[in-house]
Amino acid sequence: MKNLINKIAPIMLAILLMTPLLWTSCKEDIGITAARQGEKPNTLKNLAYEEAPGGAKISYDLPTSADLRYVKATYTLENGKEMVTKASIYDNQLAVQGYAAIGEHEVKLVAVAVGDVESDPVTIKIKTGKPNYIILAESFKSNDFFYSTFGGVNLKFENKDAANIILSVFKYGENPTTKEIGWNVLNETYTKSKEGVIRVRGEQPIATTYGIVIRDQWGNVSDTVRRNLTPQEEYEINNLLIYNGITAYSDMNRNGDYISNYNAQGGSAEMQVSLFDGIEGSPYYITNKQWWGKAAPIPFQFTLDARKKAQISRVKLWGRNDNYGLLFQATHPKEFELYGSNSPAQDGSWDSWTLLGTFEGVRPSGLAFGTNANSEDQDYARKGEDFEVNWDNPSGFKYFRIKVNCTWNGVREQPLGNALTVAISELKLYGKYVD
Numbered sequence: 045m046k047n048l049i050n051k052i053a054p055i056m057l058a059i060l061l062m063t064p065l066l067w068t069s070c071k072e073d074i075g076i077t078a079a080r081q082g083e084k085p086n087t088l089k090n091l092a093y094e095e096a097p098g099g100a101k102i103s104y105d106l107p108t109s110a111d112l113r114y115v116k117a118t119y120t121l122e123n124g125k126e127m128v129t130k131a132s133i134y135d136n137q138l139a140v141q142g143y144a145a146i147g148e149h150e151v152k153l154v155a156v157a158v159g160d161v162e163s164d165p166v167t168i169k170i171k172t173g174k175p176n177y178i179i180l181a182e183s184f185k186s187n188d189f190f191y192s193t194f195g196g197v198n199l200k201f202e203n204k205d206a207a208n209i210i211l212s213v214f215k216y217g218e219n220p221t222t223k224e225i226g227w228n229v230l231n232e233t234y235t236k237s238k239e240g241v242i243r244v245r246g247e248q249p250i251a252t253t254y255g256i257v258i259r260d261q262w263g264n265v266s267d268t269v270r271r272n273l274t275p276q277e278e279y280e281i282n283n284l285l286i287y288n289g290i291t292a293y294s295d296m297n298r299n300g301d302y303i304s305n306y307n308a309q310g311g312s313a314e315m316q317v318s319l320f321d322g323i324e325g326s327p328y329y330i331t332n333k334q335w336w337g338k339a340a341p342i343p344f345q346f347t348l349d350a351r352k353k354a355q356i357s358r359v360k361l362w363g364r365n366d367n368y369g370l371l372f373q374a375t376h377p378k379e380f381e382l383y384g385s386n387s388p389a390q391d392g393s394w395d396s397w398t399l400l401g402t403f404e405g406v407r408p409s410g411l412a413f414g415t416n417a418n419s420e421d422q423d424y425a426r427k428g429e430d431f432e433v434n435w436d437n438p439s440g441f442k443y444f445r446i447k448v449n450c451t452w453n454g455v456r457e458q459p460l461g462n463a464l465t466v467a468i469s470e471l472k473l474y475g476k477y478v479d
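Right, here's the structure in full:
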């Protein structure tokens with residue numbers, strides 16, 4: 045399994061691993077020399093350390109010197125890689141990290157003055173804490189973090205230090221291409237998010253062996269955590285219709301449905317066409333393949349007709365598909381509610397509806413509103429945002445209503461006719477029919 049992982053992610057890890065090498069070698073490459081040589085600093089005093097995941101935080105007393113510029117630590121990882129860490133003179137501690145396991149290690153520290161004049165070295169023996177990649181891998185042994193669900197499996201992760209990690213999910217069985225029996229990659233997630241959920245879908249409701257391997261930015265690879273899980277039965281609810289049996293939204297009736305269409309940037313499709321045409325995204329402008337709700341009020345709602353009763357397990361939504369850099373912006377729905385009914389009131393009043401869940405989108409990069417989506421955001425959005433519905437009603441519902449509470453601008457109250465345009469390029473419901 046580790047050999048397979050080593051083949052999968054070399055490019056991403058090479059970028060991470062090369063960054064410090066490029067920084068430390070640049071002075072030699074461009075021929076920079078110091079204008080003068082400072083006085084040799086005295087050695088660091090009163091060294092102490094505190095365990096940290098995969099490393100330690102080392103504290104010390106700095107020597108008194110006007111020429112002092114920084115503190116440097118050098119150490120060797122278990123794989124033989126030489127590491128260098130530097131810290132400012134405005135702090136009295138530095139972090140060493142990247143160790144693969146709990147253990148004792150020696151770290152050499154020097155104070156460095158103008159002209160890269162180093163003090164005599166001093167060595168401290170540290171004991172490292174359990175690395176994050178191992179902590180994360182072990183968490184997947186729990187049913188709370190690695191479990192079956194409708195149509196597949198979920199893996200919840202907590203990456204508290206926001207470290208760069210790669211999570212690789214596998215399934216043991218026959219490779220559909222080579223017909224060989226072994227581990228097959230289902231999902232590769234590269235992230236530095238503090239938490240998240242990996243959702244693997246399209247799985248059959250049969251007992252299956254799944255596995256996950258974690259790799260960190262230093263090339264450390266966890267053992268494979270194996271789980272025998274049986275996904276629950278799930279299907280896409282096909283042939284959805286936009287239900288037109290509810291009065292249109294107006295200032296006089298804010299419970300009505302809002303499905304108005306806006307011909308923007310080359311044309312926009314009616315909600316019935318754009319939401320269910322199977323076109324989820326494209327690298328070029330195809331605004332006529334998404335719904336643009338011009339001057340949409342906030343909140344607003346629209347209703348879907350499933351044609352027969354269904355139990356919904358999840359909602360999958362794609363935002364605007366004409367400019368991926370503008371995902372997670374003012375046009376992109378962020379928070380919404382899902383309701384079910386078997387006989388909705390014509391005026392749109394909510395008494396005839398049952399709340400099935402409230403959902404909020406997650407931007408994996410954590411970038412602030414107003415910042416263009418980066419590659420991690422775009423990759424996540426292209427796959428569609430999954431929202432799981434936690435309810436159990438054996439009788440099911442025929443009609444489902446989505447109420448958009450706000451977009452990513454965070455505004456929760458806007459009148460009809462404002463400047464906001466809401467864009468949705470595709471919408472899918474999953475679950476099973478109950479009659």
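All residue numbers for the sequence shown refer to my numbering, where the first residue is 45 and numbers rise by one. Using N, Cα and C, we set each Cβ at its ideal position, and we do this for glycine too.
With fewer than 16 other CB atoms across the displayed protein chains lying within 10 angstroms of its CB, Met296 is exposed.
Taken atom to atom, the span from the alpha-carbon of Ser387 to that of Ala354 is near 14 Å. Membership of Tyr477 in the beta strand (DSSP E) is indicated by the continuous run 470–477.
If you ignore the 5 residues before and after Ala389, its C-beta comes within less than 6 Å of the C-beta of Ser396, all in its own chain and listed in chain order. Residue environment analysis places Trp452 among the buried positions, since at least 16 neighbouring C-beta atoms fall within 10 angstroms of its C-beta. Taking a C-beta distance under 8 Å as the contact criterion, Gly142 and Leu121 qualify as a contact pair.
Secondary structure at Asp430: strand, using DSSP grouped into helix, strand and coil. In the same chain as Val455, and ignoring 5 residues on each side of it, the C-beta atoms closer than 7 Å to its own belong to Ile342, in chain order. Relative to Leu230, the option among Lys223, Glu224, Glu247 whose CA is nearest is Glu247.
Checking the DSSP bridge columns, you'll see Tyr119 partnered with Met127. Taking each of Lys447, Ile225, Ala467 in turn and checking the Cα distance to Trp394, the smallest one comes out for Lys447.
Taking the Cα of Arg351 as reference, the smallest distance to any Cα among Glu379, Arg358, Thr398, Asp479 is reached at Asp479.
CA-CA distance, Ile303 to Lys338, rounds to 10 Å.
Ranked by Cα distance from Ile242, the first of Val466, Gly428, Ser439, Leu91 is Gly428. The beta carbon of Arg80 sits closer than 7 Å to the beta carbons of Val158, Gly159 from its chain, once the five residues preceding and following it are set aside; these are given in chain order. In chain order, Ser409, Leu411 place their CB closer than 7 Å to the CB of Asn418, counting only its own chain and leaving out the 5 sequence neighbours on each side.
The C-beta distance from Ala155 to Leu88 rounds to 6 Å, short enough to fall under 8 Å.
Counting only the Cα atoms, Glu95 lies some 23 Å from Asp267. Asp423 and Ser109 have their C-alpha atoms spaced approximately 50 Å apart. In the DSSP annotation of this structure, Tyr302 is not part of any alpha helix (DSSP H), being labelled neither H nor E.
Scanning Asp135, Pro175, Phe372 for the CA closest to the CA of Ala145 turns up Pro175. Note on the segment 354–414: whole beta strand (DSSP E) runs with a minimum of 3 residues are 377–385, 398–404, in chain order.
In this structure, the beta-carbon distance from Gly363 to Pro377 falls below 8 Å. Its chain contains Ser103, Tyr104, Asp105, Leu106 as the residues whose beta carbon lies nearer than 8 Å to that of Asn136, once the 5 sequence neighbours on both sides are disregarded; these appear in chain order.
For Leu211, the uninterrupted beta strand (DSSP E) segment begins and ends at 209–218. DSSP lists Phe190, Ile242 as the beta-bridge partner residues of Leu199. The residues Gly300, Asp301, Thr347, Pro388, Gln390, Gly392, in chain order, have a CB closer than 7 Å to that of Ile290 in the same chain once the five nearest residues on each side in sequence are set aside. Contact between Gly263 and Asn123 is confirmed by a C-beta separation of about 7 Å, below the 8 Å threshold. Rounded to the nearest angstrom, the gap between the Cα atoms of Ala100 and Gly240 is 26 Å. The Cβ atoms of Ile179 and Ile209 lie no closer than 8 Å to each other. Put simply, the backbone Cα of Ser163 is about 57 Å away from that of Phe431. Proximity to Tyr368 across Glu420, Leu400, Arg358, Pro165 peaks at Glu420, based on C-alpha coordinates. When Trp227, Tyr134, Tyr119 are compared, the shortest CA-CA separation from Arg113 is found for Tyr134. Note that the C-beta distance between Phe380 and Arg407 is not below 8 Å. For Ala145, there is no enclosing alpha helix (DSSP H), as DSSP marks it with neither H nor E. A Cβ-Cβ distance of about 4 Å is found for the pair Leu473 and Ile281, placing them in contact under the 8 Å criterion.
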